[in-house]
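Taken in order, these protein sequences are the chains called F and D. Residues 1 to 254, numbered by the numbering used here, are exactly what the first sequence covers, in order. Residues 1001 to 1254, numbered by the numbering used here, are exactly what the second sequence covers, in order. Here's the structure, in structure tokens; my notes come after.
Number of protein chains: 2
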Amino acid sequence: MTTKVSAARPPPRTNHLLAALSDTDFERLSPHFDYVDMPLGSSLSESGSRMDHVYFITDGIVSLLYVMENGASAEIAVTGNEGIVGISLFMGGESTTSRAIVQSEGHAYRLPARFLRAEFERGGELQHLLLRFTQALITQMSQTAVCNRHHEVELQLCRWLLLSLDRLPTNELHMTQELIANMLGVRREGVTEAAGRLQEAGLIEYRRGHIKVLDRPALEKRVCECYAVVKKESDRLLNYVASKSTGASGSHVR
Amino acid sequence: MTTKVSAARPPPRTNHLLAALSDTDFERLSPHFDYVDMPLGSSLSESGSRMDHVYFITDGIVSLLYVMENGASAEIAVTGNEGIVGISLFMGGESTTSRAIVQSEGHAYRLPARFLRAEFERGGELQHLLLRFTQALITQMSQTAVCNRHHEVELQLCRWLLLSLDRLPTNELHMTQELIANMLGVRREGVTEAAGRLQEAGLIEYRRGHIKVLDRPALEKRVCECYAVVKKESDRLLNYVASKSTGASGSHVR
DNA sequence: TTTTTTATGTGCGTTACCCCGCATAAGGGT
DNA sequence: ACCCTTATGCGGGGTAACGCACATAAAAAA
């Protein structure tokens, strides 16, 4: 029923970080890129294991998920084409305590660790971009922590929907309530109820594994402050990146 | 009653990161250090405001605290003499969304932003040390987020006590239950109850604003996995730092 | 189609925590 | 010694979320 667009391979510089690199820096890296699929549910990194690539995401969403011994889990942060997966490679920690799970299918350009490290060590643009991205990630993690602590499931769901939507070209996401519950670290029934209320209010519409956002402005009114904080910080990074990629200072959207 | 030791000013290299620097690197920075007191409850950085110093902590504990619009708060991470306050300075984010509050009085050597940035840009040892420390902070933040979500107040209190104890020379901390509640993001009464149970079990002993840990091994048995994860990751950093400062690979405490 | 799998709806008892108010006691200051 | 501030103890009512068990419905597979 939906129009099937033959998906062209997105170029590396669909990724905002790569887009912001100067051509010479980019061309030093580009020969070493591997284009990879990120199918739904696949894992880009397991907790504790050594990573040997970074992934520059061009489309799709990756969740950083922490899973505890008893199986309980919680999402720490999400990334889309504004970022990468694998920060521990340049942060020096060899491994991470979280898993990177594909929450919405997409693609990435994969770069072997040694090339990333080499470029990072040059101390040029990429280093600054990566650190800035990491800082945005930290903000997101803090906000998630505090939101987990103090806000009800429904508010958290709103936040989660908006953060996901910001990273997708459509207003529809492909995800079961069970998986959302895992991300938020709550019961599945809790998500069912919260989603029911949102549907009741006409903000969303869902059917088995699909959630469509009908009224984004209303969602933004209902969500807690946490979304705005993360978004604002993320945009601050994005503006910086955008201003670098255009060369001109451009329209200075505040 | 307690023996009053005339406190000598702790040298800069009581801080593990500074200790790990080579002498030449250290001496490039040391002329610019300012020794500062960190009195209990003071703030090293306010959320949203620009920082113009980093603080290399020599003793005491600093909490990174996030305070929401409605006043509710939660601790994101803690640092003692193993680290610094002010990572946003080199991460490129100018400001942070969290506040840095002194949880246990102590001291720090303060370095103006420009000197830190200059040294960081050299891409030498300090850069690696700072990034590694940041990575440890990220781990702590993730773990805090997930612990907030899934573990009861009593377990969180155990974790908090142990993390604090690890950063102090004594087994006694000077802190009211009210403040602990702010850190954990729970009600004060919740802390009172949990602390009561721990005292009942003979693990701790407290009186107005003082908590003494009597049986640390028992505390470690009662705490959730979250403590061990953070500790292990923190030690990984510390070992690396220690091996650098001694020059020799040293006793490889696992 | 029919069957099987998987996602969602619902109800109910339980629990940990919240919010509020107030009693009590422990220190610090004068 | 006193007061007075401030930390802690305690209770009662309310609620959001949990855990479990099961009904139903929607896809997917046969």
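Glycine included, each C-beta is placed from N, C-alpha and C at the ideal position.
Given residue i as reference, the closest of the options once Cα atoms are compared
i       : options                            : result
L214/F  : T192/F, E200/F, T58/F              : E200/F
G1209/D : E1233/D, L1040/D, A1020/D          : L1040/D
H1032/D : G1048/D, R1050/D, P1012/D, A1019/D : P1012/D
S1063/D : L1179/D, E1172/D, V1191/D, K1232/D : L1179/D
F26/F   : L126/F, D166/F, K221/F             : L126/F
S1030/D : P1112/D, V1230/D, L1219/D          : P1112/D
S1042/D : I1087/D, D1034/D, R1099/D, G1092/D : R1099/D
I1076/D : R1188/D, S1142/D, N1015/D, E1189/D : S1142/D
S49/F   : R222/F, E189/F, L89/F, R216/F      : L89/F
A72/F   : E1172/D, P1217/D, V1146/D, R1188/D : V1146/D
H150/F  : A1074/D, L1173/D, R1028/D, L1237/D : A1074/D
S47/F   : T96/F, G60/F, L21/F, G83/F         : T96/F
I1084/D : I1061/D, G1092/D, Y1055/D          : Y1055/D
A8/F    : T58/F, G124/F, H128/F              : T58/F
S234/F  : G80/F, Y66/F, P10/F, G60/F         : G80/F
K221/F  : L198/F, T170/F, A20/F              : L198/F
G60/F   : V67/F, M38/F, M51/F, E69/F         : M38/F
Residue-level contact to chain F via CB, residue i, 7 Å cutoff
i       : result
R1187/D : no
L1163/D : no
H1053/D : no
A1113/D : no
Neighbour list for residue i in chain F, Cβ cutoff strictly below 8 Å
i       : result
Y1066/D : S142, Q143, A145, V146
V1229/D : T97
A1100/D : Result: empty, since nearest Cβ-Cβ is about 12 Å, beyond 8 Å.
Contact set between residue i and chain D, taken where Cβ atoms lie within less than 7 Å
i      : result
E69/F  : E1225
R149/F : A1074, N1148, G1185
E121/F : G1123
Chain D contact for residue i (CB, 7 Å cutoff)
i      : result
Q199/F : no
H128/F : yes
G93/F  : yes
I84/F  : no
S243/F : no
Where residue i meets chain D, residues with beta-carbon distance less than 9 Å
i      : result
S88/F  : Q1135, I1138
A233/F : Before going further, note that residue 233/F is Glu rather than Ala in the sequence given. Those within 9 Å of E233/F in chain D are G1093, T1097.
Residue i beta carbon near the ligand GDP (any heavy atom closer than 6 Å)
i     : result
R99/F : As far as ligands go, the structure on display features none, and thus does not contain the ligand GDP.
Contacts that residue i makes with chain F (C-beta to C-beta distance below 9 Å)
i       : result
T1014/D : Here the premise fails: no neighbours, minimum Cβ distance about 23 Å.
R1132/D : M91, G92, G93
Helix, strand or coil at residue i according to DSSP, with G and I counted as helix
i       : result
F1026/D : helix
G1060/D : strand
I1211/D : strand
H128/F  : helix
I87/F   : coil
S1098/D : coil
L17/F   : helix
H1283/D : Summary: the structure shown does not reach residue 1283/D, with chain D confined to residues 1001 through 1254, and so no result is reported for it.
M1001/D : Because the pLDDT of M1001/D is 41, which lies under 50, any placement of that residue in the model is unreliable, and the number read from its coordinates should be weighed accordingly. In the structure shown, M1001/D sits in coil (DSSP, three-state: anything other than H, G, I, E or B).
V223/F  : coil
H1032/D : helix
A145/F  : helix
M183/F  : helix
S47/F   : coil
S1042/D : coil
L1154/D : Before going further, note that residue 1154/D is Glu rather than Leu in the sequence given. DSSP places E1154/D in helix when its eight states are reduced to three.
D37/F   : strand
G1106/D : strand
E1233/D : helix
Partners in chain F for residue i, counting only beta-carbon separations shorter than 7 Å
i       : result
L1219/D : By Cβ distance, chain F contributes nothing, its closest Cβ being about 19 Å from L1219/D, past 7 Å.
G1124/D : The contacting residues do not exist; G1124/D stays about 10 Å from chain F at best.
Could you check whether the segment 1095 to 1106 of chain D touches the segment 1151 to 1160 of chain D, counting it as contact only if at least three pairs of C-beta atoms, one from each stretch, sit closer than 8 Å? no
Determine contact between the segment 1218 to 1229 of chain D and the segment 1145 to 1157 of chain D, defined as no fewer than three beta-carbon pairs at a distance below 8 Å. Enough Cβ pairs lie closer than 8 Å, so yes.
Evaluate the contact criterion for the segment 168 to 178 of chain F versus the segment 134 to 141 of chain F: three or more CB pairs, one atom per stretch, below 8 Å. no
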